[in-house]
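Taking it in order: structure first as structure tokens, then the write-up.
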Amino acid sequence: MKPYFITTAIDYTNAPPHIGHAYEKIVADVLARYQRLQGREVFFLTGVDQHGQKVQQAAEKQGVSPQVFVDQISHQFIELWRTLSISYDAWAATTHPHHGAVVQQVLSKLFAEGWLYKASYEGHYSIRQEQFLTDKERDAAGNFGPEWGEVTFLKEENWYFRLSGCCEWLAQFLEKHPEFVTPSFRQSELKNAAAKITGDLCISRPKSRLTWGITFPFDANFVTYVWFDALLNYLSFAGYSPGEESSKNPDFSKRWPCNYHLIGKDILIPAHGVYWPCMLHAMGFSDDQMPKLLVHGFWTMRGEKISKSTGNVFDLTKTIEHYGASALRYYLMRDVVMGRDADFNQERLLNRYHSELSNGLGNLLNRTVSMTHRYRPEGIRAVTLPKECAELLLENQAALTKYCAEMEASQIHAGLEIMVDIVNRANAFVDTTAPWKVAKDSAAADRLDGILTTLIQSTRTAATLLIPVAPDAAAAILEQLQLEPLSLNHKIALPSLPPNYKPGAAKPLFPRIVEEAS
534 MKPYFITTAI DYTNAPPHIG HAYEKIVADV LARYQRLQGR EVFFLTGVDQ HGQKVQQAAE
594 KQGVSPQVFV DQISHQFIEL WRTLSISYDA WAATTHPHHG AVVQQVLSKL FAEGWLYKAS
654 YEGHYSIRQE QFLTDKERDA AGNFGPEWGE VTFLKEENWY FRLSGCCEWL AQFLEKHPEF
714 VTPSFRQSEL KNAAAKITGD LCISRPKSRL TWGITFPFDA NFVTYVWFDA LLNYLSFAGY
774 SPGEESSKNP DFSKRWPCNY HLIGKDILIP AHGVYWPCML HAMGFSDDQM PKLLVHGFWT
834 MRGEKISKST GNVFDLTKTI EHYGASALRY YLMRDVVMGR DADFNQERLL NRYHSELSNG
894 LGNLLNRTVS MTHRYRPEGI RAVTLPKECA ELLLENQAAL TKYCAEMEAS QIHAGLEIMV
954 DIVNRANAFV DTTAPWKVAK DSAAADRLDG ILTTLIQSTR TAATLLIPVA PDAAAAILEQ
1014 LQLEPLSLNH KIALPSLPPN YKPGAAKPLF PRIVEEAS
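Residues 534 to 1051 in the numbering used here are what the sequence shown spells out, letter by letter.
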């Protein structure tokens, strides 16, 4: 079976990581862990984009070489992903020699096939976005907006990719492949943008003003434009090798195309939605070999974009230290619909954590394990489940099917809603069956075993569904239960508990987080 290939946009190393980086990696990690839970082989690629003018300028300000600078920033990303338990399988760093060789090989191939040409150009250039601007980027007053940062006027010679030669193909491809971009409203935006493509793409920068990049193989006076370089990482670190067709490389041929290429909405147009498929098309990839783009929204705070320039920021490391990685992962997945924007709110984080994890799942675990030890110190006996117990477990089994459907559709928040429903039903079941009363009736011994079995299995089910989102917390629950996670295949019968089953010692999870008075 083909591995499930998911990749994220690689992070630009001109500044330390922020909440947007963390959110994207967590989403990718959740989808990867879900697929592993399904028993599938997964190839999860992420990494860092290390070239470009902004990196060179930032290094100069610090008085260090660009390589030293990007290594420092890259280390911060790696440490954050370790703290957040991001389970990537491969790490992409665009300064890696293999990547540089792939980029040069692609440039040589495109040059030989007539896709590249050299020409002079003069116009306005955004240093922040590292791209030339046209009048389309001006506002009603004729000015370039603040999103472009410092804009200067340049006249220089560069290499160009014949993007205009792909216009007709791209329009037809988007029309025939509505699944190319998820959510669907982003596909509509992309189709509108693709219809307005004019001109070609400048893919070089003269070394006279930028040396930090991959040198052109056939013109040593130029380095590769950072976006053209960075986009090719999805091939190079998936096993694509210079001088080889994909069919000759078993690792690459079995991985490609990518099942989900996770990106933020700000880099869909034009980079990943226009440049990337056109580059692949020019390289000879078929329509069926195009990756699928999964586009997420922004996190804001107090309704405004999180940005250092506006002071609308928070310390991500301190947030994790205070609330814990599991709490942050859970909140970020629970509080946003895929593709939409969301507002980061610490009060909502605490409410989700306390109501759904601490008072919900944590309470269910603690009372279930404690009652099992108290009422069945010798272990739970295997019995025929009473109707009320069998019905609840059948509901839980049906919930697995719904959970899988939501996760396959990348609706992680909806998958978590199903887990919360399982927990709520189980906690309500405790209240209605009152095991502490049943335990006093010696004639109801079988019913007590059935109730405890149902609660153990319900907690196990909830923990299984939590694995992709909060793997460390889910592992702690299953360890306390002394059980393996369930299979997500709803056609497989719910496994019985081991004979005379006993859970581990009760250890409260999800302790309350007390906020200091301001």
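In this text, a Cβ means the ideal position worked out from N, Cα and C, and glycines have one as well.
The beta carbons of VAL581 and SER607 sit closer together than 8 angstroms. Annotated three-state conformation of ARG742 is coil, per DSSP.
The Cβ atoms of HIS710 and ASP820 sit closer than 8 angstroms to each other.
Here PRO968 is buried. Its C-beta has 16 or more other C-beta atoms within 10 Å. In the DSSP secondary-structure assignment, ALA625 is bridged to GLY580. The C-alpha of PHE577 lies about 29 angstroms from the C-alpha of ALA727.
Ranked by Cα distance from GLY772, the options LEU734, PHE610, PHE538 and GLU680 are led by PHE538. Distances from the alpha-carbon of LYS651 to those of ARG671, ARG738 and TYR793 put ARG738 closest. Judged by DSSP in its simplified three-state form, MET834 adopts strand.
GLU1017 is the residue among ILE984, ASN1033, GLU1017 and PRO1001 whose C-alpha sits nearest the C-alpha of ARG993.
Under DSSP, LEU649 takes part in a beta bridge, and its partners are PHE694.
In this model, GLU690 and PHE877 are separated by some 45 angstroms (Cα to Cα). In the three-state scheme derived from DSSP, where H, G and I count as helix and E and B as strand, TYR545 is classed as strand. Straight-line measurement puts the Cα of LEU687 at about 6 angstroms from the Cα of GLY656. Put simply, of VAL575, LEU743, GLY572 and LYS798 the residue whose alpha carbon is nearest the alpha carbon of GLU557 is LYS798. ARG873 is classed as exposed because its beta carbon has fewer than 16 other beta carbons within 10 Å across all chains shown. Cα atoms of PRO716 and ILE984: separation of roughly 42 angstroms, rounded to the nearest angstrom. Scanning GLN583, ARG661 and ILE559 for the CA closest to the CA of LEU613 turns up ILE559. The beta carbon of TRP702 is closer than 7 angstroms to those of HIS814 in its chain, skipping five residues each way along the sequence. ALA1003 is a Cβ neighbour of SER859, given a cutoff of 8 angstroms. Here DSSP, grouped into helix, strand and coil, assigns PHE706 to helix. In the three-state reduction of the DSSP assignment, LEU926 falls in the helix class. The beta strand (DSSP E) runs lying completely inside the stretch 952 to 1012 and spanning 3 residues or more number zero. One Cα belongs to VAL563, the other to ARG980, and the distance between them is close to 38 angstroms. With 16 or more neighbouring CB atoms inside 10 Å of its own CB, PRO1001 falls in the buried class. Separation of the CB atoms of ARG900 and VAL963 is rounded to 6 angstroms, and the pair is thereby assigned contact status at 8 angstroms. DSSP places GLY585 in no beta strand (DSSP E); its state is neither H nor E. A straight-line Cα-Cα distance of about 31 angstroms links ALA947 and LEU764.
Going by DSSP, TYR793 is part of no alpha helix (DSSP H) but of the beta strand (DSSP E) stretching over 793 to 797. Around the beta carbon of MET534, a 10 Å sphere encloses fewer than 16 other beta carbons of the protein chains shown; the residue is thus reported as exposed. Contact annotation: LEU849 and ILE552 have beta-carbon atoms nearer than 8 angstroms.
LYS920 and PRO810 have their alpha carbons spaced roughly 56 angstroms apart.
In the displayed model, SER659 falls within a strand according to three-state DSSP. Residue range 752 to 757 is occupied by the beta strand (DSSP E) that includes PHE755. Considering only ALA977, ALA978 and ASN929, the residue with the shortest C-alpha distance to ASN1022 is ASN929. The residues LEU926, ASN929, LEU1027 and LEU1030, in chain order, have a CB closer than 8 angstroms to that of GLN990 in the same chain once the five nearest residues on each side in sequence are set aside.
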